[in-house]
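Novice: In my numbering, the protein residues as written are 2 to 198.
Glycine is no exception: its CB is placed at the ideal position from the N, C-alpha and C atoms.
Just dropping this structure here.
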């Protein structure tokens with residue numbers, strides 16, 4: 002092989018083979034990197050967004066509610082608020098009925114939940130939800146283990162205190178967030194079906 006490299010044509014042939022090898026490897030690596038970027042680009046972008054959102058304080062994040070006016074004939078009969086929050090197992094979504102003056106809870110309906118069957122999912126029962134009807138909305142509700150005896154006290158579902166507290170906290174938060182805009186009048190709160198935050 003040394004004899005071939007010493008020949009004028011042998012040196013050129015060896016250099017040419019090496020040049021082609023470098024070119025083929027460069028193209029191969031370039032295609033590989035482009036493929037990785039194409040496949041992982043959306044994942045990388047998503048991770049960047051999630052990292053940024055984690056750095057934003059929770060108190061700086063806006064919360065939006067769907068708020069509907071409940072009207073009959075010519076008068077406002079109350080408010081219906083759609084809200085959601087974290088339960089024990091997953092997100093819980095609620096419809097909350099409030100009196101026009103926001104002093105009384107008029108109804109509660111669980112739209113969606115994935116709580117533990119036989120325990121946390123008892124939040125959908127009429128018996129448990131019934132505790133909220135006619136409960137005062139002008140002060141925060143409190144969850145007690147058993148024996149709710151005062152206005153504003155809610156009996157926890159046995160074995161599912163987290164689910165009970167989650168629903169109660171969502172209600173307290175929604176009422177607190179919406180009290181000012183809804184009591185300011187229809188122009189501040191918007192007409193039925195608008196998102197307010």
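Is the beta carbon of residue 169 sitting closer than 8 angstroms to the one on residue 144?
Specialist: In this structure, residue 144 lies closer than 8 angstroms to residue 169 by Cβ.
Novice: Could you tell me which residues DSSP pairs with residue 161 in its beta bridges?
Specialist: 158
Novice: Across which residues does DSSP place residue 70 in a beta bridge pair?
Specialist: 80
Novice: Looking at C-beta atoms only, is the number of pairs between the stretch 164–179 and the stretch 88–101 that lie closer than 8 angstroms three or more?
Specialist: yes
Novice: Going by beta carbon distance, what residues of the same chain come within less than 6 angstroms of residue 74, once the five residues before and after it are set aside?
Specialist: Taken in chain order, the list of residues that qualify is empty.
Novice: Just confirm the distance between the C-beta atoms of residue 87 and residue 167, as a whole number of angstroms; I'd bet it's less than 8 angstroms.
Specialist: 6 angstroms
Novice: Tell me the DSSP bridge mates of residue 87?
Specialist: 92
Novice: For residue 105, list the residues DSSP reports as bridge partners.
Specialist: 137
Novice: Can you give the Cα-Cα distance for residue 34 and residue 127, rounded to whole angstroms?
Specialist: Cα-Cα distance, rounded: 58 angstroms.
Novice: Taking 7 angstroms as the cut-off, is the beta-carbon of residue 180 closer than that to any non-hydrogen atom of the ligand NAP?
Specialist: Absence of the ligand NAP is noted for the structure shown, with no ligands found whatsoever.
Novice: Residues bridged to residue 24 by DSSP?
Specialist: For residue 24, which the question treats as bridged, DSSP gives no partner whatsoever.
Novice: Taking the straight line between their C-alpha atoms, what separation do you get for residue 148 and residue 154?
Specialist: 9 angstroms
Novice: Can you give the Cα-Cα distance for residue 156 and residue 49, rounded to whole angstroms?
Specialist: 43 angstroms
Novice: Straight-line CA distance for residue 40 to residue 135?
Specialist: 55 angstroms
Novice: With a CB to CB cut of under 6 angstroms and the five nearest residues on each side skipped, what residues in its chain are close to residue 139?
Specialist: Closer than 6 angstroms at Cβ, skipping near neighbours: 104.
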